[in-house]
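Chains as they are written, first to last, in the UniProt record's numbering: chain A, 1 to 582; chain B, 1 to 196. Every residue, glycine too, gets a C-beta built ideally from N, C-alpha and C. Keep in mind the model is a prediction, meaning the values are calculated, not measured. The block underneath contains the structure these notes are about, expressed in structure tokens.
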Amino acid sequence: MGNCCSDVAGGHASIGTTAGDLRHQADTANDAVDYFLRSRGHRGLFSQIELLFSASGLRDRDVLSKSDPMLVLYTKGKNGALEELGRTEVVLNSLDPTWITKHTLIYHFEVVQVLVNCSIKFFHHRFRVYDVDTQFHNVDVKMLKLEEQQFLGEATCALSEIITRFDQSLTLDLHRDDFITSTHSQNYGKLLVHCEESLSSKTAIEMIFRCSDLEYRDLFSRSDPFLLISKVVEGGMQIPICKTEVIKNDLNPMWKPVFLNIQQVGGKDSPLIIECYNFNSNGKHDLMGKVKRSLLELEKIHSSGQGEKLFLPNKVVLNSQLFVDKFTESVQYTFLDYVAGGFELNFMVAVDFTASNGNPRLPDSLHYLDPSGRQNAYQRAIVEVGEVIQFYDSDKRFPAWGFGARPIDGPVSHCFNLNGSSHYCEVEGIQGIMTAYTSALLNVSLAGPTLFGPVISNAALIASHSVANGGRKYFVLLIITDGVVTDLQETKDALVKASDLPLSILIVGVGGADFKEMEVLDADKGEPLESSSGRVASRDIVQFVPYRDVQSGEISVVQALLAELPTQFLTYVRSRNIQPSL
Amino acid sequence: MDARCPVRTLELTVQSVEGLQLDRKPATTKNNLFVVVRAESINSYTTCMAKEDATNNNLTWNHKLDVDVPLHASSITLEVKSKTLKGVKDVGIARVAVSEFMGGFGSVPQHCLQFLSYRLRDWEGRRNGVLNFSVRVVNSPEYVTAAAGKAVSPCGFKLRGTTMGATTSSSSCGGGVVVGVPIGWNSYGSSTYNNV
Chain A
1 MGNCCSDVAG GHASIGTTAG DLRHQADTAN DAVDYFLRSR GHRGLFSQIE LLFSASGLRD
61 RDVLSKSDPM LVLYTKGKNG ALEELGRTEV VLNSLDPTWI TKHTLIYHFE VVQVLVNCSI
121 KFFHHRFRVY DVDTQFHNVD VKMLKLEEQQ FLGEATCALS EIITRFDQSL TLDLHRDDFI
181 TSTHSQNYGK LLVHCEESLS SKTAIEMIFR CSDLEYRDLF SRSDPFLLIS KVVEGGMQIP
241 ICKTEVIKND LNPMWKPVFL NIQQVGGKDS PLIIECYNFN SNGKHDLMGK VKRSLLELEK
301 IHSSGQGEKL FLPNKVVLNS QLFVDKFTES VQYTFLDYVA GGFELNFMVA VDFTASNGNP
361 RLPDSLHYLD PSGRQNAYQR AIVEVGEVIQ FYDSDKRFPA WGFGARPIDG PVSHCFNLNG
421 SSHYCEVEGI QGIMTAYTSA LLNVSLAGPT LFGPVISNAA LIASHSVANG GRKYFVLLII
481 TDGVVTDLQE TKDALVKASD LPLSILIVGV GGADFKEMEV LDADKGEPLE SSSGRVASRD
541 IVQFVPYRDV QSGEISVVQA LLAELPTQFL TYVRSRNIQP SL
Chain B
1 MDARCPVRTL ELTVQSVEGL QLDRKPATTK NNLFVVVRAE SINSYTTCMA KEDATNNNLT
61 WNHKLDVDVP LHASSITLEV KSKTLKGVKD VGIARVAVSE FMGGFGSVPQ HCLQFLSYRL
121 RDWEGRRNGV LNFSVRVVNS PEYVTAAAGK AVSPCGFKLR GTTMGATTSS SSCGGGVVVG
181 VPIGWNSYGS STYNNV
């Protein structure tokens with residue numbers, strides 16, 4: 001009897017410990033989910049762009065009738081080769097065609113789920129217009145051989161050039177790059193490209209799920225359920241797209257709203273698998289049941305007010321039910337709406353000129369200017385980021401600073417103008433930044449230490465001026481550095497203060513230094529930043545990438561740094577209820 | 001409040017609190033939480049009881065207060081309190097420097113709405129959640145002085161050329177002494193941004 005009593009006491013102690021750990025882990029998991037959602041503006045979307053084409057003033061290549069034009073869309077790959085993306089239909093007998101065919105392109109700029117590798121891509125598109133020979137009028141355009149058609153002209157542009165226009169249309173001159181006509185300018189007509197963001201990209205669905213009569217899965221307590229929503233792709237593979245928080249000790253849970261984008265799901269009729277798990281702190285969660293339904297079917301479930309019974313993989317139907325307590329569909333403004341509505345992204349650069357970079361005249365220096373023209377890491381980072389962001393800035397005048405150097409006959413400056421001026425900091429275009437950078441290298445002495453606070457505060461000053469003037473600008477500061485920041489707390493203070501301004505900060509680490517402290521600044525990988533006064537950053541504005549990861553070629557600087565920028569932008573404008581001017 | 005002493009008025013909206021605990025348990029609406037705002041003055045401003053935000057389960061007030069801040073005040077405090085059967089219990093406090101929302105160097109201009117989040121600490125200094133609130137300066141002697149001299153944009157005034165505080169002759173506020181918080185100082189002494 002005594003032994004029995006002892007066993008009972010031990011069991012209680014063990015369960016208590018486990019329960020405590022479980023609560024702690026659940027809180028941590030839920031906090032992580034909340035912060036993840038909040039930092040991504042809660043409703044992260046990616047965009048699908050539809051391109052429409054028309055032309056005017058085409059050359060008449062037919063003898064007895066007008067031309068029968070067709071447009072072919074290409075993109076230029078990394079190796080410079082043209083890759084055909086699509087073709088329009090043939091418009092018969094017209095020199096001013098309006099093609100009906102729409103070409104759809106994915107414009108990725110933010111991540112809703114970590115499984116999807118999304119990014120802003122720099123598109124160079126080439127459009128070629130052909131006069132289709134009469135004998136091929138009844139042939140499917142996909143079967144047409146382009147070499148058998150008359151080439152009318154071509155035009156090239158970046159997708160960014162189109163989407164940043166107020167009317168999202170761009171008129172291009174068609175030209176031909178053949179030997180005979182290259183000696184003098186000729187008019188081959190004009191091409192009008194118009195882009196629209198597809199409605200499905202803008203549509204977000206908010207759902208509130210509730211379950212009833214879930215089964216007990218914990219030994220002496222109720223279950224701690226959460227939902228995992230996945231989409232089914234070809235081959236039956238399930239890709240998780242959304243997860244709810246864990247609700248502790250509840251067999252009839254109601255979760256926080258879930259937000260899905262139709263584009264993300266694949267379509268309203270695409271099947272979703274909703275699995276209910278019992279949370280276990282060891283990571284091996286118990287499946288409590290699941291349903292497989294499309295968004296359309298979930299909407300019907302919501303309308304009917306009835307539940308859907310869960311089932312197990314062995315097809316056993318359970319008494320547990322899933323209810324959809326809320327199902328609302330809404331269209332919201334996207335990043336592209338703001339861009340089309342006149343919002344600009346203003347690029348700013350700050351370059352590390354501390355002595356740890358090495359003597360610029362020596363080949364092993366991070367600032368070495370190779371006589372052959374090969375760019376160093378600083379130059380590559382500036383160009384790769386700048387050539388994307390510049391399209392979103394109308395005047396293309398960029399503030400450019402250096403820090404950690406000693407100008408001629410002066411003390412060490414932790415924020416000096418790259419152009420050498422004491423009055424203004426702007427330079428003209430990306431090339432202006434490059435010129436100012438090389439010029440500065442020849443006119444300052446590398447010094448130290450590495451301080452971010454001054455340049456961040458200066459960028460914040462510019463942003464605050466813009467806010468004061470009611471400007472529709474969002475600023476992007478690129479900091480390129482080789483070392484560990486010395487003024488970490490001051491940098492945190494500056495970042496927290498700047499988090500309420502229209503500003504994002506991209507930090508690229510070059511060289512082989514230990515950048516662990518940089519990752520502290522990137523809130524994605526840690527807790528929200530907190531200043532010395534206790535103020536907490538209202539949003540994450542920092543993205544850090546060590547350049548050595550980029551050098552492997554697996555991912556570009558642009559992808560790594562800019563992936564979160566539209567989300568940071570949207571978080572800012574939505575929190576202040578700023579509307580695009582459409 | 002002595003009417004002769006100039007004050008600035010803040011439109012302060014106490015929004016929500018995250019991660020707050022009482023007796024090591026997550027705070028709920030049953031804890032009857034409210035916030036008291038003070039600005040180094042005998043006056044205090046109190047919110048209603050917190051409600052639960054259905055979308056994120058945070059406790060929210062969304063209570064707007066018009067807070068008069070004496071010019072001599074260097075900080076305001078926001079205290080989260082719990083009303084219990086035994087009385088009022090202090091849960092956490094956040095102290096905010098006035099300079100944080102007065103549109104200083106590299107900050108949101110004071111007359112624009114600012115969203116602030118501050119770490120709460122209990123009376124033993126332990127961290128206890130984050131308090132979210134918004135602030136806008138709706139009346140300020142500095143603003144009046146600046147407005148008298150030049151046009152002011154809807155979201156506030158430019159840092160350049162701003163009056164550095166104000167001089168008052170009232171003996172109760174220190175006759176002949178410049179008071180107020182300096183704004184627009186540039187501690188880094190670096191570049192000037194053109195086209196502002």
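Handout entry: Where residue 475 (chain A) falls: helix, strand or coil (DSSP)
Key = Counting from 1 along the first sequence, the entry for residue 475 (chain A) is found at position 475. The three-state reading of DSSP puts residue 475 (chain A) in strand, counting E and B together.
Exercise for the section: Closer than 8 Å by beta-carbon distance: list the chain A residues that pair up with residue 107 (chain B), in chain order. Expected result: Numbered from its first residue, the second sequence carries residue 107 (chain B) at position 107. What residue 107 (chain B) touches in chain A: 460, 464, 497, 500, 501.
Problem - In DSSP terms, what residue 63 (chain B) is bridged to - result: Mapped onto the second sequence, residue 63 (chain B) falls at position 63. Residue 63 (chain B) pairs with B:14.
Exercise for the section: Name, in chain order, the residues that DSSP records as bridge partners for residue 348 (chain A). Expected result: Locating residue 348 (chain A) in the first sequence gives position 348, where the first residue counts as 1. Partner(s): A:477.
Practice task
Output yes if chain A places a C-beta closer than 7 Å to the C-beta of residue 138 (chain B); else output no.
Solution key: For the purposes of this step, residue 138 (chain B) is identified with residue 138 of the second sequence, where counting begins at 1. It does not: the Cβ of residue 138 (chain B) has no partner Cβ on chain A nearer than 7 Å.
Problem - Terminal residues of the alpha helix (DSSP H) in which residue 387 (chain A) lies - result: Position 387 of the first sequence, counted from the start, is the residue given in the question as residue 387 (chain A). Per DSSP, residue 387 (chain A) belongs to the alpha helix (DSSP H) from 377 to 389.
Problem - Beta-carbon spacing of residue 437 (chain A), residue 451 (chain A) below 7 Å - result: Reading the first sequence from its first residue, position 437 is the one you call residue 437 (chain A). Reading the first sequence from its first residue, position 451 is the one you call residue 451 (chain A). Result no, Cβ atoms of residue 437 (chain A) and residue 451 (chain A) do not sit closer than 7 Å.
Problem - Alpha-carbon spacing of residue 216 (chain B) relative to residue 103 (chain A), whole angstroms - result: Nothing about residue 216 (chain B) can be reported from this structure: the residues present for chain B run from 1 to 196 only.
Problem - Residue-level contact to chain B via CB, residue 534 (chain A), 7 Å cutoff - result: For the purposes of this step, residue 534 (chain A) is identified with residue 534 of the first sequence, where counting begins at 1. With 7 Å as the cut-off, residue 534 (chain A) counts as an interface residue toward chain B.
Problem - chain A contact for residue 130 (chain B) (CB, 7 Å cutoff) - result: The count along the second sequence starts at 1 and reaches residue 130 (chain B) at position 130. It does: the Cβ of residue 130 (chain B) has a partner Cβ on chain A nearer than 7 Å.
Handout entry: Nearest to residue 481 (chain A) (by Cα), restricted to the options A:435, A:517, A:493
Key = Looking up residue 481 (chain A) in the first sequence gives position 481. Comparing Cα positions, the closest option is A:517.
Practice task
Please report how far the alpha carbon of residue 138 (chain B) lies from the alpha carbon of residue 338 (chain A), in whole angstroms.
Solution key: Position 138 of the second sequence, counted from the start, is the residue given in the question as residue 138 (chain B). Position 338 of the first sequence, counted from the start, is the residue given in the question as residue 338 (chain A). The straight-line gap from Cα to Cα measures roughly 29 Å.
Problem - Contact the stretch 493 to 506 of chain A vs the stretch 369 to 379 of chain A: 3+ CB pairs below 8 Å - result: no
Problem - Nearest-angstrom Cα separation, counted from residue 124 (chain B) out to residue 71 (chain B) - result: One-based indexing of the second sequence puts residue 71 (chain B) at position 71. One-based indexing of the second sequence puts residue 124 (chain B) at position 124. Residue 71 (chain B) and residue 124 (chain B) have their C-alpha atoms some 30 Å from each other.
Handout entry: Per-residue contacts from residue 627 (chain A) into chain B (C-beta, under 8 Å)
Key = Past the edges of chain A, shown from 1 to 582, lies residue 627 (chain A), and the structure says nothing about it.
Problem - Per-residue burial, residue 226 (chain B) [other beta carbons within 10 Å of its own, 16 or more giving buried] - result: The requested residue 226 (chain B) is not part of the displayed model; chain B covers only 1 to 196.
Problem - As assigned by DSSP and simplified to three states, the class of residue 458 (chain A) - result: The count along the first sequence starts at 1 and reaches residue 458 (chain A) at position 458. If DSSP states are grouped into helix, strand and coil, residue 458 (chain A) belongs with the helices.
Handout entry: Member of B:93, B:92, B:108 whose CA lies at the smallest distance from the CA of residue 99 (chain B)
Key = Mapped onto the second sequence, residue 99 (chain B) falls at position 99. Ranking B:93, B:92, B:108 by Cα distance to residue 99 (chain B) puts B:108 first.
Problem - CB contact flag (residue 510 (chain A), residue 433 (chain A), <7 Å) - result: Along the first sequence, read from residue 1 onward, the residue named residue 510 (chain A) stands at position 510. Along the first sequence, read from residue 1 onward, the residue named residue 433 (chain A) stands at position 433. Contact flag unset, no.
Exercise for the section: Just mark residue 213 (chain A) as buried or exposed, buried being the case when its beta carbon has 16 or more other beta carbons within 10 Å. Expected result: Position 213 of the first sequence holds residue 213 (chain A). Residue 213 (chain A) comes out exposed.
Practice task
Pair every Cβ in the stretch 142 to 151 of chain A with every Cβ in the stretch 321 to 332 of chain A, then say whether three or more of these pairs are closer than 8 Å.
Solution key: no
Exercise for the section: Check whether the Cβ of residue 41 (chain A) lies closer than 7 Å to any Cβ atom in chain B. Expected result: Translated into the one-based positions of the first sequence, residue 41 (chain A) becomes position 41. Note on residue 41 (chain A): pLDDT 41, under 50, position unreliable in the model; no value is reported.
Exercise for the section: Give the interface partners of residue 116 (chain B) over in chain A, defined as CB-CB distance under 9 Å, in chain order. Expected result: Here the question's residue 116 (chain B) lines up with position 116 in the second sequence. Chain A residues near residue 116 (chain B): 500, 535, 536, 538.
Handout entry: Sheet register partners of residue 114 (chain B) (DSSP bridge)
Key = Within the second sequence, the letter at position 114 stands for residue 114 (chain B). Note: residue 114 (chain B) sits in a beta bridge opposite B:135.
Problem - Cβ distance (whole Å) where residue 119 (chain B) is taken to contact residue 530 (chain A) below 8 Å - result: One-based indexing of the second sequence puts residue 119 (chain B) at position 119. One-based indexing of the first sequence puts residue 530 (chain A) at position 530. At roughly 6 Å, the Cβ-Cβ gap stays under 8 Å, so residue 119 (chain B) and residue 530 (chain A) are in contact.
Exercise for the section: Run the CB neighbour count on residue 216 (chain A), radius 10 Å, all protein chains shown included, and call it buried at 16 or more, exposed below. Expected result: Here residue 216 (chain A) refers to the residue found at position 216 of the first sequence. Exposed is the call here.
Exercise for the section: Verify the CB distance criterion: does residue 467 (chain A) have a CB-CB separation below 7 Å to chain B? Expected result: Here residue 467 (chain A) corresponds to residue number 467 of the first sequence, with the count starting at 1. Chain B contact via Cβ: present.
Problem - Contact set for residue 472 (chain A): own chain, Cβ-Cβ below 6 Å, skip 5 residues either direction - result: Position 472 of the first sequence, counted from the start, is the residue given in the question as residue 472 (chain A). For residue 472 (chain A), where only same-chain residues beyond five positions count, the Cβ hits under 6 Å are 342, 343.
Practice task
Within 10 angstroms of the Cβ of residue 199 (chain A), are there 16 or more other Cβ atoms? Answer buried if so, exposed if not.
Solution key: Indexing the first sequence from 1 puts residue 199 (chain A) at position 199. It is exposed - the Cβ of residue 199 (chain A) has fewer than 16 other Cβ atoms within 10 Å.
Practice task
Inspect the CB distances between the stretch 246 to 253 of chain A and the stretch 303 to 311 of chain A and report whether three or more fall short of 8 Å.
Solution key: no
Handout entry: Beta-carbon proximity of residue 521 (chain A) to residue 542 (chain A), cut-off 7 Å
Key = Position 521 of the first sequence, counted from the first residue, corresponds to residue 521 (chain A). Position 542 of the first sequence, counted from the first residue, corresponds to residue 542 (chain A). Taking a C-beta distance under 7 Å as the contact criterion, residue 521 (chain A) and residue 542 (chain A) qualify as a contact pair.
Problem - Exposed unless 16 or more other CB atoms sit within 10 angstroms - verdict on residue 81 (chain A) - result: The count along the first sequence starts at 1 and reaches residue 81 (chain A) at position 81. Residue 81 (chain A) should be labelled exposed.
Handout entry: Whole-number beta carbon distance between residue 508 (chain A) and residue 561 (chain A), since they are thought to touch under 8 Å
Key = Taking the first sequence and counting its residues from 1, the one referred to as residue 561 (chain A) is at position 561. Taking the first sequence and counting its residues from 1, the one referred to as residue 508 (chain A) is at position 508. Right, their Cβ atoms sit about 7 Å apart.
Practice task
Taking residue 496 (chain A) as part of the alpha helix (DSSP H), name the residues at either end of that continuous run.
Solution key: To locate residue 496 (chain A), count along the first sequence from 1; it is residue 496. Annotation for residue 496 (chain A): the continuous alpha helix (DSSP H) segment containing it runs 488 to 498.
Exercise for the section: May I ask you to report which of helix, strand or coil DSSP gives residue 168 (chain A)? Expected result: If you number the first sequence from 1, residue 168 (chain A) lands on position 168. Coil at residue 168 (chain A), not helix or strand.
Handout entry: Contact set for residue 132 (chain B): own chain, Cβ-Cβ below 6 Å, skip 5 residues either direction
Key = Indexing the second sequence from 1 puts residue 132 (chain B) at position 132. Cβ neighbours of residue 132 (chain B) beyond the five flanking positions: 15, 16, 117.
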